[in-house]
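In this text, residue positions in the sequence shown follow the numbering used here: the first is 43, and each later residue adds one. Note that the Cβ used here is the ideal one computed from N, Cα and C, for glycine as well. First the structure, in the form of structure tokens, and then the observations on it.
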Amino acid sequence: MKHLSLAKPAMVGDGRPHPHLAAAAMVAGPWAAQVALLRSVSELSWLALAACLILAGLAALERLQPAGRAAEASQATLLLGMLGMLSGLTLDARGPGLDLMTSLCGAGGLDDFLFASYLHWSWLPAMHAGMLAGGSAALPLARITRRRAHSSWQTDILRHAACSGWMLAGMTFGVLACQRAAAWFPAGAAPGTGPASMLGGMFAGMVWGMVASAVFNRACSRLARVAI
Numbered sequence: 043m044k045h046l047s048l049a050k051p052a053m054v055g056d057g058r059p060h061p062h063l064a065a066a067a068m069v070a071g072p073w074a075a076q077v078a079l080l081r082s083v084s085e086l087s088w089l090a091l092a093a094c095l096i097l098a099g100l101a102a103l104e105r106l107q108p109a110g111r112a113a114e115a116s117q118a119t120l121l122l123g124m125l126g127m128l129s130g131l132t133l134d135a136r137g138p139g140l141d142l143m144t145s146l147c148g149a150g151g152l153d154d155f156l157f158a159s160y161l162h163w164s165w166l167p168a169m170h171a172g173m174l175a176g177g178s179a180a181l182p183l184a185r186i187t188r189r190r191a192h193s194s195w196q197t198d199i200l201r202h203a204a205c206s207g208w209m210l211a212g213m214t215f216g217v218l219a220c221q222r223a224a225a226w227f228p229a230g231a232a233p234g235t236g237p238a239s240m241l242g243g244m245f246a247g248m249v250w251g252m253v254a255s256a257v258f259n260r261a262c263s264r265l266a267r268v269a270i
């Protein structure tokens, strides 16, 4: 029965997003948002880099988490979190926050991680709230679609909260990395200083934040086994 259920084509209808469909959505969604905010042809190379980084992060996550409950939860959290980010972006794009953040990144004004995180939450609140809300929806969805819960609600909530923290940190690190990479180019020629490029860093950073969470969880599990 398990093999039959895995063959279902639904993306999230049975609580287990198909890996290939999830990967396609994780690239297509951010790509569409970036294209809509494209201001310079030079940013196209950055869009391609962001897509490659997202796919590389998904491949790393698949290697760290073979098919199973952990992999299914990660895929659903990333997919729904990305949809939440895109929904929030439609609200944040109407205000000045996106342009302010882009200008600050383009001027190289973000060096401190905590300060950058504060500005992200202050100027792009809907994107961050949308990511948290969308990713959190994966938790009850997974418990509803599973026939039996193998862990308590408290354990799942704590695990998901830690994962969300890694993803939020990854979003900020992605923007900081985008800014650092843009500094390697001559003045006026940097392809990573527009809103589309900054968003690419945020989306790729979210995926790699999930990878960091998986690495951390694996390390903790190994340490626990050694201690026992």
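Whole-Å CB distance - residue i paired with residue j, under 8 Å assumed
{"i": "Ala92", "j": "Gly243", "result": "7 Å"}
{"i": "Gly172", "j": "Met213", "result": "About 12 Å separates the two Cβ atoms, so there is no contact after all."}
{"i": "Val217", "j": "Ala168", "result": "That belief does not hold up - the Cβ atoms of Val217 and Ala168 are roughly 16 Å apart, past 8 Å."}
{"i": "Val249", "j": "Leu106", "result": "In fact, because the Cβ distance is near 12 Å, the residues do not count as touching under 8 Å."}
{"i": "His170", "j": "Leu210", "result": "7 Å"}
CA-to-CA distance, residue j to residue i, given in whole angstroms
{"i": "Ser84", "j": "Met240", "result": "13 Å"}
{"i": "Ala254", "j": "Leu181", "result": "19 Å"}
{"i": "Ser178", "j": "Leu120", "result": "10 Å"}
{"i": "Gln117", "j": "Ser82", "result": "32 Å"}
{"i": "Ala78", "j": "Ser145", "result": "18 Å"}
{"i": "Asp134", "j": "Leu265", "result": "42 Å"}
{"i": "Leu86", "j": "Pro108", "result": "33 Å"}
{"i": "Leu140", "j": "Gly130", "result": "12 Å"}
{"i": "Cys94", "j": "Gln76", "result": "14 Å"}
{"i": "Gly230", "j": "Phe245", "result": "With a pLDDT of 49 at Gly230, under the threshold of 50, the modelled position of that residue is not reliable, and the figure given next carries that caveat. Each residue's alpha carbon lies about 24 Å from the other."}
{"i": "Phe215", "j": "Tyr160", "result": "13 Å"}
{"i": "Ala64", "j": "Leu183", "result": "16 Å"}
{"i": "Cys220", "j": "Gly236", "result": "10 Å"}
{"i": "Arg267", "j": "Leu103", "result": "22 Å"}
{"i": "Trp88", "j": "Leu80", "result": "11 Å"}
{"i": "Ser194", "j": "Cys262", "result": "19 Å"}
{"i": "Phe155", "j": "His62", "result": "33 Å"}
{"i": "Asp153", "j": "Ala67", "result": "31 Å"}
{"i": "Ala101", "j": "His162", "result": "27 Å"}
Near the ligand GTP: residue i beta-carbon under 7 Å from a heavy atom
{"i": "Met244", "result": "Looking at this structure, you won't find the ligand GTP or any other ligand, since it has none at all."}
Candidates the options, of which the one nearest residue i by Cα
{"i": "Ala70", "options": "Leu103, Ala115, Arg81, Leu125", "result": "Leu125"}
{"i": "Leu97", "options": "Cys205, Cys262, Gly247, Ala256", "result": "Gly247"}
{"i": "Ser164", "options": "His202, Pro138, Asp154, Leu183", "result": "Pro138"}
{"i": "Trp73", "options": "Glu104, Ala101, Met127", "result": "Met127"}
{"i": "His202", "options": "Asn259, Gln221, His62", "result": "Asn259"}
{"i": "Cys205", "options": "Ala113, Trp88, Ala101, His62", "result": "Ala113"}
{"i": "Arg136", "options": "Leu166, Asp153, His62", "result": "Leu166"}
{"i": "Cys147", "options": "Ala261, Ala238, Ala66, Met68", "result": "Ala238"}
{"i": "Trp208", "options": "Ala67, Met68, Gly123", "result": "Gly123"}
CB contact below 8 Å: residue i versus chain B
{"i": "Ala118", "result": "Among the chains in the structure shown there is no chain B, since it carries only a single protein chain."}
Taking 8 Å as the threshold, find out whether the region 157-176 comes into contact with the region 193-201 through three or more Cβ pairs. The region 157-176 is not in contact with the region 193-201.
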